[in-house]
Amino acid sequence: MDKKRKFFRKGDTIFTDKPFVHALKSTYKNEKCDYCYSEETLSRCSGCQYILYCNRTCQKLSWTEHKRECSRLKKIYPKILPDAARIMSKILIKLKNGGSTEKGYYTSIRYRTFKDLMSHYPNLKNDDHRLEHFSSLCGVLKEYMGEANLPNPIELLGIYGRMCINAFNILDNNLNTIGTGIYLAASVINHSCVPNATATFDGTTLRIGAITDIEHTDPELHVFISYLELMQTTSERRSELQNNYYFLCECKRCITNYEQNFVNSMICGNSDCQAAVPMKNKRKEILDSISCSKCMEKISEDKIKTFYDVTDFTEFQLSKMKDIGYLDVCKMCLEKQNGIFHPDNINHVKILDLAFESAIKMEQWKESLKYGILLIDGYRVYYGDCHPSLGILYMKLFKLCTIVENSESAVQYLKEGMDILKITHGEDHSLYKNEVRNKGIEKTDDLDLSACFDSFNKHWQHTFEIIDRYQTGKGVIKNDDIVAVINHLNQLIKLLLLDIQSAKSTNQSRCFEYFLNNQLLEKIYSWSLKTDQFQNRLKLEQLKVYGVLLSELRGHQFLSDDSILNPLILILNSYDGDCLSVEIEKHLVTVLRQFCVVLSHQPNILCNVLKENSINSKCVILSLLMAFIHRDGSIGEEARDALLIFVSLSRQNDTLANIITSKSNVSPVLATGLSGLYSVLPRKLDFENDCYRLSPKNIEDVPELSNFLASVELCNAVAKICHKIVYDQLLDYLYHGFLLPVVGPALMQDFENNCGINTHLSRVAEEEVATATVYLDLLLRSVTHPGLLQTFIKFVLCERFEKIKIIELLINRINNKSFKVCIATLALMETILDLNCEDVMLELVFKYLVPCTHIMLSQRSRIKQVDSYCKSADIFLSLIPDVFKYRNVNSQTLYSEYQGYLNYARIKIAECAMETKHWTYLYDGENPSHTIVETKTIEMENDQNSILSADDSSSGYESFKAMKDIDKMLGNDENSKHADEILSNTSSPCGSDSPTCFIRQTTFKTKEPFTQYPCLGPFLEALFSNLENLPEQDFRINLRLTAVMTRLSMYKKPLIQSLLLNHSMIFQPCIRSLFQILRSLKQTIETKLSGRMEKVIEAEAFLIERENKLCNTQCNRSVSEKIPEPFSRGETKRRSISVAFGAMFRRNSGNKEAILESTSNGYRYYKENETESLDLPINAIILAEWLKELSAICQEHTIS
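In terms of the numbering used here, the sequence shown opens at residue 3 and continues consecutively.
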């Protein structure tokens, strides 16, 4: 700061601040020091076994605060305390022990205490979301601290408000959130979307630095930072600030219209102009007045429509990817955006950002460099010319350029990044010092290469003297000598890297030539074997050296020399089978991953490694990696990444594929690992409310489920990238080592008959069966590879336990008396139907409908008629009970407008039609002939391990969503051929040759039809039977039931349409049609609800409240589950949002007067002094809404 002129210069440190309290995120608790947040070798607190420190100094400095929480953490260990609960408890403990007088100075004389922080108490009282979160937090704090140690509720709410409004996210050098802190002085800084300062962290120390010249020195009035992610639209930023901080931003970026010119813009089609053409945020009727304001060229209607289509597609993919990018999806989006989006369009920049990060993670260096360069301008538009994110981007580009050996561009990006980081972080920041200054790269132009070589030579001579002295037996090895060798070795590596970078390549580096000729690493390794008790220490240091070399020189061919490769192989072999420390494991897995990356880019080195393997009985890389792939944390992630990279090399390398299948345990470990992880999953899930379906995004707080899904995703990824023989072996092990012995018995428990009169055992078995069903549903929705899906479907449709097929038992459970088993089974059946698999539908539905015995003989010619369906839409609406006739069908309904049902039906019918377009038969009453199905049915009786396959020429699985997504999003024939190629190479789960063979090798011989009793099949009959009980049964079952029926009606197949949607079709007398059931339900409901309109209105209010709460599931936490972090300033776009698992099942209604309880007949809703149930009106509303949906489906089927 210039004291004379009284202003802050650009780059000045306005002030630094230490945290009042801080808490490391629980996801990093085993990876970083709890005090300084470093990643050194960690030691666990002997008291609580919960906290880890990097050294004794940090432990002593932390003890003042930690001693007050140590015993409490010990009591809950190994459970994990939610982050919000820990930071709140630390605040309460500090305030109780004199922290209320602590001051945070933001000038030399002005300061803030904790009580000076804003709490926004009036806003909190009207914020339902935060009040619910506060209620949950109080429950955890009472259990953790004891109710006697908590202040009164009003004071506690005020403290909670101060925490939420003033908490900062503590960021690491890559701008990832690693902790939360309360900073008293920094809390004085206000927000602006055009900040003149930035908050950066070095450990837990916060620095407020000026990024522009500031003409005043009062931080409270004239210094502004950003509280949120700046790459958002104006409405998104203002909404987030209003919801989280209770103010409406009035900065110049928010109140001016400048941003609207490009944030949602199309590129002008004029090649000489290419200006940004601003578009409306929402799709409107296409107007003929949209033109470029610069060249006045009119934009065509087709291009406008394409723009909105691409925008919808991009926003949908962004919502799916969130903060984790998938490179293939990003490429699809960018391809569609090409020539449509302006480069500054915010959706284009977001996709580029995700593509850049995902390409880096996949080690696609050239692609990531391409995306990063395109990203520079977008970052400048949304972040400004001086922002930490832009500086980090330049540093990443510098690193990428060094990898691809583009030294000229690397120096340019390094200088750009240095200039920005010097301003945003300061010259004393560890990022600036360690990553830039200590490398000395900014001075490489002035480096004296001769002096560098002389220094390198001297360090080696000193090292060699020590080695030679003990090799000739002239002395005893001492610790000082070992330390000296390690120090010399580190200096040798630093000088080597510096010389290579200065010489532009390894071929011109004198140090590298000397390094190879004298076989330095081989000599050091050979000597280390003779150092007795120091051997392990030296081996670890050599491992670290290889980590540096592999990281810094991955673009060079240095590993092609045996003098470097052989010691590495020997070191890796020496660790195989040993019991390793945490530090060795961490460095070992890192080296293995880096080694695999190098092998993927340099196939000639892989050949040398495989030759070495031919001598040994196993592959050391795989042998080491398989010990870590089921670990949680960063070690497990790195091991899985390394395994995928290495296994992917087998796709084009038959030798490696044979090694994987014959000399490694990859497939057995993957399969048995799944079995082991499945066995420790919770055998009971707390289904207290509505959700009986898990999502991968909702299980982060259940470590067992997270680990299990990570293993499933690993199997899925391996199947995608491996060689055919590895793929076949993996499927075989998964089927026989996981599905048959583990999932099958869990799913097939007979909880009704085997438990006898023991009610407790019966209830426990019932819980376990429901949970196993939910897990199978999760598996089917988590797996995307067609081969794995086929294996899982084979298991469900073909496998028998005690002569009963799994699919038969599932169908029987649709009408089970157990509510939990019933609703979990319905959710699973909906997932199975969502696969759009021909063989699934043939097994469940079509093999019973194809003979057409369910309809009168005279009606068979009418199956394909569609004219009558227009009338069916009116019939469905006429079946709505009269109690709802006061509301016009086109007015807003309970959940949306009728137009919303039409839009949803149009999308789902189109998707279903696309995914079933490759089906073998049309299922229209003529194709296939019913005699084919009869013949196949006879053959089925002789082959109980088979299912009905659609045809010899089709697997019935061409419609799997993995293939659909690729085909639909890419929109080209080449990918369709690739999909068919994959499927044709994937054998079927139904044959007798192997468990992964799917297509039955039989010839269907047409026979004369035989008489068959008219029926719809057990699946449809179970659904219809359940539907008849709609008024009396639990409304949650009805919601699932109607969803399954709706999904069936989406199929554009005449047989199923004529059954469900044709009101004029005449069925056999023993067959009850859907319309007959609906008419009966209408009459029953009208009779029972006569004169009870107030109950209907009350039921509507309940359902609307329920729907609103379900929409906010990810924002809620239950008392006994983890609580989300408070809203924190400075959140970055790559933050990790932990979603509550428990909140999916437990939610407080917030209404003490209204009570819901489960009864034997359904769901009971009552108030005090009132006993009348709302089951019937709730179910009546569900029926009315479902009829509107069926009507919309009829209309869309007609026009499609």
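For glycine and all other residues, C-beta sits at the position ideal for the given N, C-alpha and C.
Remember, predicted model here, so these are calculated numbers, not experimental data.
Specify whether the region 66-84 and the region 122-136 touch according to this definition: at least 3 beta carbon pairs, one from each stretch, less than 8 Å apart. no
Rounded separation between I422 and S370 - CA only: Taking the sequence shown and counting its residues from 1, one reaches residue 422 at position 420. Taking the sequence shown and counting its residues from 1, one reaches residue 370 at position 368. Going by the C-alpha atoms only, they are around 21 Å apart.
Would you check if the distance between the CB atom of R590 and the CB atom of L626 is smaller than 8 Å? Along the sequence shown, read from residue 1 onward, the residue named residue 590 stands at position 588. Along the sequence shown, read from residue 1 onward, the residue named residue 626 stands at position 624. It should be noted that the sequence gives Leu, not Arg, for residue 590. Cβ atoms of L590 and L626: closer than 8 Å.
Cβ-Cβ distance between C454 and D501 below 8 Å: Reading the sequence shown from its first residue, position 452 is the one you call residue 454. Reading the sequence shown from its first residue, position 499 is the one you call residue 501. Contact flag set, yes.
Let me know if I1106 comes out buried or exposed under the rule of 16 or more other beta-carbons within 10 Å of its beta-carbon. Walking along the sequence shown from the start, residue 1106 turns up at place 1104. Flag for I1106 reads exposed.
So who's on the other strand from R209, going by DSSP bridges? Within the sequence shown, the letter at position 207 stands for residue 209. R209 is bridged to T18, T202.
Smallest Cα separation from A150: which of W65, S1202, I95, G181? In the sequence shown, counting from the first residue as 1, residue 150 sits at position 148. A150 has its Cα closest to that of I95, out of W65, S1202, I95, G181.
At the level of alpha carbons, what is the spacing between D346 and S267? As a position in the sequence shown, residue 346 is number 344, starting the count at 1. As a position in the sequence shown, residue 267 is number 265, starting the count at 1. Answer to the nearest angstrom: the Cα atoms are 8 Å apart.
With three or more C-beta pairs closer than 8 Å as the rule, is the region 218-225 touching the region 9-22? yes
Given the structure, does L243 come close to the ligand NAP, in the sense that its CB is under 7 Å from one of the ligand's heavy atoms? Among the components of this structure there are no ligands whatsoever, and the ligand NAP is therefore not found.
Applying the criterion that 16 or more other CB atoms from any shown protein chain within 10 Å of the CB defines a buried residue, is C800 buried or exposed? Within the sequence shown, residue 800 is the residue found at index 798, counting from 1. The residue is buried, with at least 16 neighbouring Cβ atoms inside 10 Å.
Give me the Cα-Cα distance between I701 and Y777, rounded to the nearest whole angstrom. Locating residue 701 in the sequence shown gives position 699, where the first residue counts as 1. Locating residue 777 in the sequence shown gives position 775, where the first residue counts as 1. I701 and Y777: Cα-Cα distance of roughly 12 Å.
Under 8 Å, do C1196 and I1039 count as touching if we go by C-beta distance? Counting from one through the sequence shown, the residue named residue 1196 turns up at place 1194. Counting from one through the sequence shown, the residue named residue 1039 turns up at place 1037. For C1196 and I1039, no; Cβs fall outside 8 Å.
Residue closest to E67, alpha-carbon to alpha-carbon, out of L97, N57, L1076: What you label residue 67 is simply residue 65 of the sequence shown in a count that begins at 1. When each option's Cα is compared against that of E67, the closest is L97.
Work out the CA separation of H920 and D953 for me, nearest whole Å. In the sequence shown, the residue the question calls residue 953 occupies position 951. In the sequence shown, the residue the question calls residue 920 occupies position 918. Residue confidence for D953 is low, a pLDDT of 45 falling below 50, so the modelled location carries little weight; the figure read from the coordinates is stated next. The straight-line gap from Cα to Cα measures roughly 12 Å.
Give the range of the beta strand (DSSP E) segment to which H24 is assigned. As a position in the sequence shown, residue 24 is number 22, starting the count at 1. Taken as a continuous stretch (DSSP letters only), the beta strand (DSSP E) holding H24 covers 23-26.
What is the DSSP secondary structure of M1095, reduced to helix, strand or coil? Within the sequence shown, residue 1095 is the residue found at index 1093, counting from 1. DSSP places M1095 in helix when its eight states are reduced to three.
Taking the Cβ atom as the reference point for each residue, do A748 and E769 lie within a distance shorter than 8 Å? For the purposes of this step, residue 748 is taken as the residue at position 746 of the sequence shown. For the purposes of this step, residue 769 is taken as the residue at position 767 of the sequence shown. In this structure, E769 does not lie closer than 8 Å to A748 by Cβ.
Once DSSP output is grouped into helix, strand and coil, what is the label at G148? Locating residue 148 in the sequence shown gives position 146, where the first residue counts as 1. In the structure shown, G148 sits in coil (DSSP, three-state: anything other than H, G, I, E or B).
Assuming L881 contacts L1189 under a Cβ cut-off of 8 Å, what Cβ separation, rounded to an integer in Å, is found between them? As a working note, residue 881 is residue 879 in the sequence shown. As a working note, residue 1189 is residue 1187 in the sequence shown. About 6 Å separates the two Cβ atoms, so the contact holds.
Taking 6 Å as the limit between beta carbons, can you name the residues of its chain near C60, skipping five residues before and five after? By 1-based counting over the sequence shown, the position of residue 60 is 58. For C60, where only same-chain residues beyond five positions count, the Cβ hits under 6 Å are C35, Y37, C38.
Report all residues from its chain with a CB closer than 8 Å to the CB of I161; omit the five preceding and five following residues, and keep chain order. Here residue 161 corresponds to residue number 159 of the sequence shown, with the count starting at 1. Excluding sequence neighbours, I161 sits near M90, I93, L94, L97, S121, P153.
Between the CA atoms of E429 and D2 - distance to the nearest angstrom: Summary: the structure shown does not reach residue 2, with the chain confined to residues 3 through 1202, and so no result is reported for it.
Extent of the continuous alpha helix (DSSP H) to which F821 belongs: Taking the sequence shown and counting its residues from 1, the one referred to as residue 821 is at position 819. Run containing F821: 821-836, per the alpha helix (DSSP H) assignment.
Is M1052 buried or exposed, if buried means 16 or more other CB atoms sit within 10 Å of its CB? Counting from 1 along the sequence shown, the entry for residue 1052 is found at position 1050. Answer is buried; the Cβ neighbour count reaches 16.
Let me know the secondary structure DSSP gives V265 once reduced to three states. Along the sequence shown, one-based indexing puts residue 265 at 263. In this structure, V265 counts as coil in the three-state DSSP scheme.
Distance check for Q1070 and A1186, CA to CA, integer angstroms please. Walking along the sequence shown from the start, residue 1186 turns up at place 1184. Walking along the sequence shown from the start, residue 1070 turns up at place 1068. Computed Cα separation, rounded: 28 Å.
Specify the secondary structure class of N32 as computed by DSSP and reduced to three states. Along the sequence shown, read from residue 1 onward, the residue named residue 32 stands at position 30. Three-state result, N32: coil.
Determine the DSSP secondary structure at Y55, reduced to helix, strand or coil. Stepping through the sequence shown from its first residue, residue 55 is reached at position 53. Reduced to three states, the DSSP call for Y55 is strand.
From L1080, P1179, T1048, pick the residue whose C-alpha is nearest to that of F1037; which is it? The sequence position of residue 1037 within the sequence shown is 1035, counting from 1. Selected option, being the one with the closest Cα: P1179.
Closer than 8 Å by C-beta to V383: which residues in its own chain qualify, once you throw out the five before and the five after it? Chain order, please. By 1-based counting over the sequence shown, the position of residue 383 is 381. Cβ neighbours of V383 beyond the five flanking positions: F264, D346, V351.
Going by the CB atoms, is the gap between Y729 and A719 shorter than 8 Å? For the purposes of this step, residue 719 is taken as the residue at position 717 of the sequence shown. For the purposes of this step, residue 729 is taken as the residue at position 727 of the sequence shown. Not a contact, by the Cβ cut-off of 8 Å.
Using only the alpha-carbon positions, how far apart do Q319 and E337 sit? Start at 1 with the first residue of the sequence shown, and residue 319 comes out as number 317. Start at 1 with the first residue of the sequence shown, and residue 337 comes out as number 335. One C-alpha to the other measures close to 13 Å.
Would you identify the three-state DSSP class for K546, choosing helix, strand or coil? Walking along the sequence shown from the start, residue 546 turns up at place 544. Looking at K546 - three-state DSSP - the assignment turns out to be helix.
Is the beta carbon of M628 closer than 8 Å to that of N575? As a working mapping, residue 575 is identified with position 573 in the sequence shown. As a working mapping, residue 628 is identified with position 626 in the sequence shown. It is not a contact, given that the beta carbons lie outside the stated cut-off.
Option nearest R512 by Cα separation, candidates C1017, I1058, F458, E1100: Counting from 1 along the sequence shown, the entry for residue 512 is found at position 510. Closest option to R512, Cα to Cα, is F458.
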